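See structure below.
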Amino acid sequence: MAGSGEGEPILDAVLPAGAGWSHVCRRGSALTLIDPQGGASVAALLYRAGEPLERYCMPDTLKAQHVSRLTAGVALYSDMGRVLASIVSDTCGWHDTITGHLTTPLLEARWGAVSYQEARNEWRCSARELLLVELAKHGLDQRDLVANINFFSKVAVGEDGELSFVVDHSPPGSSVKIRFELDSLVVLASAPHPLDPAAQFAPRPVRLLLEAVPAAGERDPVRTACPENERGFAESEAALC
Amino acid sequence: MLTAARSERDAAEALRVEDVPAGDGWTGVIETGEILRIVDLVGNQAVDTLLFDAADYGNRYSAPDTLREQASCYLGPGSRLVALDGAPLMTIVADTCGRHDTLGGACSQESNVVRYGEHTRHMHACRNTFLRQALGWGRGLSKRDLSANINFFMNVPLTPDGGLEFADGISAAGRHVELRADRDTLVLISNCPQLNNPCNGFDPTPIRLMVWPSG
Chain A
70 MAGSGEGEPI
80 LDAVLPAGAG
90 WSHVCRRGSA
100 LTLIDPQGGA
110 SVAALLYRAG
120 EPLERYCMPD
130 TLKAQHVSRL
140 TAGVALYSDM
150 GRVLASIVSD
160 TCGWHDTITG
170 HLTTPLLEAR
180 WGAVSYQEAR
190 NEWRCSAREL
200 LLVELAKHGL
210 DQRDLVANIN
220 FFSKVAVGED
230 GELSFVVDHS
240 PPGSSVKIRF
250 ELDSLVVLAS
260 APHPLDPAAQ
270 FAPRPVRLLL
280 EAVPAAGERD
290 PVRTACPENE
300 RGFAESEAAL
310 C
Chain B
9 MLTAARSERD
19 AAEALRVEDV
29 PAGDGWTGVI
39 ETGEILRIVD
49 LVGNQAVDTL
59 LFDAADYGNR
69 YSAPDTLREQ
79 ASCYLGPGSR
89 LVALDGAPLM
99 TIVADTCGRH
109 DTLGGACSQE
119 SNVVRYGEHT
129 RHMHACRNTF
139 LRQALGWGRG
149 LSKRDLSANI
159 NFFMNVPLTP
169 DGGLEFADGI
179 SAAGRHVELR
189 ADRDTLVLIS
199 NCPQLNNPCN
209 GFDPTPIRLM
219 VWPSG
């Protein structure tokens with residue numbers, strides 16, 4: 070772990086385009102994802118550190134807060150009624166969590182496969198493959214693979230429920246900051262969104278900035294966003310005792 | 009919305025007919041080509057459903073893959089219920105309700121506490137039913153296998169500004185949905201016991217399951 074002095078980040082690194090990452094982010098820290106080039110998409114999953122049967126739960130997150138997209142002020146719930154993390158700031162306004170991630174068959178059908186010998190480190194990996202490899206490092210597998218978050222991606226919902234990918238949703242310099250309310254295993258993959266219509270396979274890098282932050286206070290805007298979140302935060306805090 | 013399609017299948021030709029009482033569950037394998045009909049006997053009854061490839065439970069129904077592939081956030085006639093491998097487990101081949109949810113998830117003791125308060129902690133909930141069904145079925149099925157499910161007959165509208173709500177049901181007595189198995193599929197059902205929101209009209213009721221042979 071890099072950095073130890075006051076005000077220094079715990080970690081400041083670049084996740085290259087088309088790569089996977091996993092890290093236990095502690096309560097009292099926040100991870101800022103920054104899209105330096107614009108057009109990034111980061112598939113993300115969260116598990117309670119040490120108890121990975123408890124994991125980010127898309128349906129519980131959406132129904133507790135009556136939302137179908139993620140942005141600042143939204144709590145990320147586990148399937149056990151606890152808030153694992155909160156989105157405390159966001160320049161994008163919308164992050165998708167209902168349309169999954171790029172699988173290898175989708176990647177090959179859309180953009181074609183390339184050989185490692187030809188592409189070397191530009192070899193094309195799907196988000197599915199990257200997520201499963203990171204999960205395997207923690208003894209987890211496809212059974213632990215649930216609906217993920219796609220940071221920096223927007224899939225718009227029409228009046229009759231039609232879903233459409235919004236191109237150029239994330240301008241260069243976009244950022245989203247996630248504060249951890251419980252120690253959480255974070256698994257990321259910097260691969261294109263599965264609905265991205267780009268003609269070329271062009272994953273983007275993302276900067277990862279992990280810093281120490283104060284825990285959510287009594288008047289924290291995510292905690293007080295709705296009575297449901299007050300209860301969800303209380304459940305998280307009860308688990309610390 | 010897609011037009012609802014009625015099935016004319018003859019009840020006398022069904023292989024199996026079983027009623028699932030209010031708040032109870034059901035587990036079974038529907039073989040390739042067989043048709044499973046779920047009947048909302050009394051109306052406005054959410055039927056929480058999980059599907060698994062019977063040959064590999066790790067390859068289960070995936071709500072996000074299903075919605076993305078059909079480019080719509082609701083299930084209805086013609087919806088292919090896709091597994092993690094990208095191919096369908098089952099397809100909705102008849103549907104007199106017309107719209108079903110797969111984003112609202114299953115109720116649990118824990119989500120009830122968050123949504124409604126401490127006094128609901130020990131109310132009956134779908135995820136407990138799923139766990140009872142998984143334990144009864146055995147074969148290693150466990151909490152790890154519970155993910156975003158289908159809620160047949162449940163109405164959870166999304167709005168263009170990013171909202172979501174649990175609305176009054178659009179089902180009614182006798183409405184049904186029929187699923188054709190595209191491969192041997194393990195089906196877990198919780199006939200939702202929720203008493204705190206309109207998904208069951210605040211009055212959970214029985215459902216009927218009917219299975220017809222392939223062809």
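Chains as they are written, first to last, in our numbering: chain A, 70 to 310; chain B, 9 to 223. Note that CB positions come from ideal geometry on N, CA and C, so glycine has one too. This one's a predicted model, so the numbers in the text were calculated from it and none came from an experiment.
Check                                                                                                                           : Outcome
Those runs of the alpha helix (DSSP H) which lie wholly inside the segment 187-269 of chain A and span at least 4 residues      : 196-205
Selection from A:W180, A:L201, A:S305 that minimises the alpha carbon distance to V122 (chain B)                                : A:S305
Contained alpha helix (DSSP H) runs [length at least 4] in the segment 82-162 of chain A, N- to C-terminal order                : 127-134
Amino acids of chain B, ordered along the chain, whose beta-carbon sits closer than 7 Å to that of P128 (chain A)               : L111, G112, G113, A156
G144 (chain B) - containing alpha helix (DSSP H), residue span                                                                  : 134-145
Near-chain A residues of the segment 81-95 of chain B - C-beta to any C-beta below 7 Å                                          : C81, Y82, L92, G94
The segment 80-98 of chain B in contact with the segment 146-154 of chain B per 3-pair CB rule at 8 Å                           : no
Three-state secondary structure (DSSP) of R183 (chain B)                                                                        : strand
L122 (chain A) versus D18 (chain B): straight-line alpha-carbon distance, rounded                                               : 44 Å
Inter-residue spacing [alpha-carbon to alpha-carbon] between G112 (chain B) and F220 (chain A)                                  : 21 Å
Nearest-angstrom Cα separation, counted from D56 (chain B) out to A114 (chain B)                                                : 6 Å
Inter-residue spacing [alpha-carbon to alpha-carbon] between H184 (chain B) and S137 (chain A)                                  : 27 Å
Limits of the alpha helix (DSSP H) - the one that R288 (chain A) falls within                                                   : Taken as a continuous stretch (DSSP letters only), R288 (chain A) belongs to no alpha helix (DSSP H), as it is neither H nor E.
Residues within the segment 122-147 of chain A neighbouring chain B, beta-carbon criterion of under 8 Å                         : L122, C126, M127, P128, D129, L131, K132, A133, H135, V136, S137, R138, T140, Y146
Continuous beta strand (DSSP E) stretch holding T74 (chain B): start and end                                                    : Careful: T74 (chain B) lies outside any beta strand (DSSP E), inside the alpha helix (DSSP H) at 71-78.
Cβ-based neighbour list, A294 (chain A), same chain, cut-off 6 Å, excluding 5 preceding and 5 following                         : G142
Candidates B:N120, B:S80, B:A181, B:G209: closest to V50 (chain B) by CA position                                               : B:A181
Chain B contact for T293 (chain A) (CB, 7 Å cutoff)                                                                             : no
Residue-level contact to chain A via CB, E269 (chain B), 7 Å cutoff                                                             : The question about residue 269 (chain B) has no answer, for chain B in this structure spans 9 to 223.
Buried versus exposed call for F160 (chain B) [16 or more other C-beta atoms within 10 Å across all chains shown]               : buried
Cβ neighbours of D159 (chain A) in the same chain (closer than 6 Å, five flanking residues each side left out)                  : T140, A141, V245
Neighbouring residues, chain A, relative to E173 (chain B) (Cβ below 7 Å)                                                       : H135
Minimum C-alpha distance to V195 (chain B) - residue among B:L203, B:A142, B:F174                                               : B:A142
Neighbourhood of N298 (chain A) by C-beta distance below 8 Å, restricted to the same chain and skipping five residues each side : A133, Q134, A144, V152, V291, R292
Cβ-Cβ distance between M149 (chain A) and A216 (chain A) below 7 Å                                                              : no
Residue-level contact to chain A via CB, E118 (chain B), 7 Å cutoff                                                             : yes
Neighbourhood of E26 (chain B) by C-beta distance below 6 Å, restricted to the same chain and skipping five residues each side  : L217
A112 (chain A) beta carbon less than 7 Å from that of H170 (chain A)                                                            : yes
Partner residues on chain A for D18 (chain B), Cβ-Cβ distance less than 8 Å                                                     : Correct list: empty, because the minimum Cβ distance to chain A is about 33 Å.
Test item: CB-CB of D129 (chain A) and S119 (chain B) under 7 Å                                                                 : yes
Proximity of P221 (chain B) and A30 (chain B) at Cβ, strictly below 7 Å                                                         : no
Assigned secondary structure, L171 (chain A) (DSSP; H/G/I helix, E/B strand, else coil)                                         : coil
Check whether H132 (chain B) and P201 (chain B) have beta carbons under 7 Å apart                                               : yes
Residue burial classification, T168 (chain A) (beta-carbon count within 10 angstroms, cutoff 16)                                : buried
Inter-stretch contact at 8 Å, needing at least 3 Cβ pairs: the segment 75-82 of chain B / the segment 81-93 of chain A          : no
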